[in-house]
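Here's the structure, in structure tokens; my notes come after.
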Amino acid sequence: MKHTDIKEIISSDKYIGQSVTVCGWVRTSRNSKSVAFIELNDGTSLKNIQIVVDKGEQEYKEPRVGMSLKVTGKIVEGRNNTKEINALPADIQILGDCPTDYPLQKKGHTLEFMRSIPHLRSRSNTFNAVWRVRSVLAAALHEYFQKNNYVYINTPLITGSDCEGAGEMFQVTTIGYDKEYKNEEEYYANDFFGRKAGLSVSGQLEGEMAATAMGKIYTFGPSFRAENSNTPKHLAEFWHIEPEVAFAELDDVIEIAEDMLKYVIGKLLETCPDEINFFDAHFEKGLKARLEELISHEFGRVTYTEAIKLLQESGENFVYPVEWGCDLQTEHERYISEKVFKKAVFVTDYPKEIKSFYMKQNPDGKTVAAVDLLVPGVGEIIGGSEREADYDKLIAAMNERNMNLDLYSDYLDLRKYGSVPHGGFGLGFERLIMYTTGMANIRDVILFPRTVGSIR
Ligand code: 4AD
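Following this note's numbering, the numbering of the sequence shown begins with 133 at its first residue and continues without gaps.
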């Protein structure tokens, strides 16, 4: 259908005086004696275009909110440097009718209500803006890695090994368990892959295999977690960006994470000023200034041990008690980034017991070369580490966790054949979008959220 994007028309003077065709959905419609006004939006911009209908003596049927229209008319300059379309009733073609039970008849619905209409919520300004931020950030991430010699790889979604070892894998099976199998082993042997399989929680293990050949790689795809965490920042299916770099130690990993975030947020501020202003006005006052500040200042850095001390000396009444060895909860993460540092902060060198088997063991024998990036408002958005490159130490760490080494034989081979210091991190894409939009619930930054007890 030949037509021009509304975004193109409103952002350029070159269409003034020309006849154009636009298509879109009616946001509002007003009718008076001789003229009528329609606000049309086609999703290419947060801004609508106003159609000024010169009714004259012609018959005019006022379009209803939500109807889809095709309109041909002349572009003229409106008030405050805006563009309008002058049209006659005959220039308006209804593509799709919309009855009066259209749920987005009025503005001001709650986000909870909008979640109940995921198929329609994209037609609101809020979700229009979130999806555009998502798209621009995805493109900026690819751009960052491509410019810096990383190879984009696609790791499998169905896997036989649990990367994080936290037992949070969704099982992939074509047969149900049946009493006729003597034991679990026999059951899995009869299943599709001939062994237990699940949806991948991370592409890291395969990423390491590619990085120790290509030098620098990144993945950008979905990861799945069967965590029973019904919180505003957990999804069962989230998008995961995982760079992995050979010849790199923990400090290099941290440097890449900071550089990458500053690049993509800078791109976002440059490309989406309307969307950022919108979120600043409606969701988080001061968002724009916070993002500008982030890209122009160094991130903070603290060890886990120092962070525990800060929390213990804070005088705060945390729900979860703080002692060396505990996992940092969101309330702790937010205290560190919001109250102590008041900015993004890397926390490093966590106790080995609370981190994954693959992390490089520090000389103190107690901690590993892990890093989490905590940001105000959200908490952890990045988790990464230098990897254990020593074959024997890695085996020992896996044995301590009673892991089945046979399932990881390919991974272990990497430490036998030309092992190198290497590391990487995982960035939760939805958490980055929460941080850059001020949206408080992860369900509102992904088109169709999958969370415990909810799928649509
Ligand atoms: O800290 P995580 O579990 O680290 C890994 O998966 C490593 N294998 C990454 C690596 O080193 N290559 O997850 C990384 C990030 C978290 O910081 C968080 O932003 C996001 O993934 N994440 C989730 N996002 C939404 N919902 C969930 N259930 C998430 N679990 C992790």
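Note that CB positions come from ideal geometry on N, CA and C, so glycine has one too.
In the three-state reduction of the DSSP assignment, residue 166 falls in the coil class. A direct Cα-Cα distance of roughly 11 Å separates residue 503 from residue 483. CA-CA distance, residue 331 to residue 491, rounds to 22 Å. Taking residue 467 as reference, the option from 508, 478, 428, 501 with the minimal CA-CA separation is 508. Taking the C-beta atoms as reference points, residue 555 is found no nearer than 9 Å to residue 434. For the options 530, 533, 521, the alpha carbon positioned closest to that of residue 341 is the one of 521.
For the pair residue 285 and residue 359, the CB atoms are not nearer than the 9 Å cut-off. For residue 377, the secondary structure class from DSSP, reduced to helix, strand or coil, is strand. For the pair of segments examined, the stretch 300-312 was found not to touch the stretch 372-389: the number of CB pairs separated by less than 8 Å stays below three. In this structure, residue 560 keeps its C-beta atom at 9 Å or more from the C-beta atom of residue 486. Annotated three-state conformation of residue 276 is helix, per DSSP. Secondary structure of residue 354 (DSSP, three-state): strand. A distance below 6 Å between beta-carbons, with the five flanking residues on each side excluded, links residue 196 to the following residues of its chain, in chain order: 230.
Note that the C-beta distance between residue 568 and residue 397 is below 9 Å. The C-beta of residue 452 has fewer than 16 other C-beta atoms within 10 Å across all chains shown, which makes the residue exposed. Counting only runs of 3+ residues, the beta strand (DSSP E) found wholly inside the stretch 479-512 occupies 499-507, in chain order.
Spanning the alpha carbons of residue 319 and residue 389 requires a straight line of approximately 43 Å. When DSSP states are grouped into helix, strand and coil, residue 173 belongs to the strand group.
Taking 9 Å as the cut-off, the Cβ atoms of residue 173 and residue 163 do not count as close. Taking every protein chain shown into account, the CB of residue 581 has 16 or more other CB atoms within 10 angstroms, so this residue is buried.
Taken atom to atom, the span from the alpha-carbon of residue 289 to that of residue 357 is near 12 Å. Proximity of the stretch 217-226 to the stretch 241-248 falls short of the contact definition, fewer than three beta-carbon pairs being nearer than 8 Å. Around the C-beta of residue 260, 16 or more other C-beta atoms lie within 10 Å, and the residue is accordingly described as buried. With 16 or more neighbouring CB atoms inside 10 Å of its own CB, residue 215 falls in the buried class.
DSSP, reduced to helix, strand and coil, places residue 284 within a strand of the structure shown. For residue 334, the distance from the CB to the nearest heavy atom of the ligand 4AD is below 8 Å. Residue 384 has its Cβ no nearer than 8 Å to any heavy atom of the ligand 4AD. When the five nearest sequence neighbours on each side are left out, the beta carbons in the same chain lying within less than 6 Å of the beta carbon of residue 208 are those of 216, 218, in order along the chain. DSSP places residue 340 inside the alpha helix (DSSP H), whose first and last residues are 336-346.
Taking the C-beta atoms as reference points, residue 480 is found no nearer than 9 Å to residue 401.
Distance from the CA of residue 585 to the CA of residue 171, rounded to the nearest whole angstrom, comes to 39 Å. For the pair residue 578 and residue 367, the CB atoms are nearer than the 9 Å cut-off. In the assembly as shown, residue 328 is a buried residue. Its beta-carbon has 16 or more other beta-carbons within 10 Å. Here residue 272 is buried. Its C-beta has 16 or more other C-beta atoms within 10 Å.
Residue range 419-428 is occupied by the alpha helix (DSSP H) that includes residue 428. Short of 7 Å from the beta carbon of residue 415, and not among the five residues preceding or following it, lie these beta carbons of its own chain, in chain order: 569, 570, 571.
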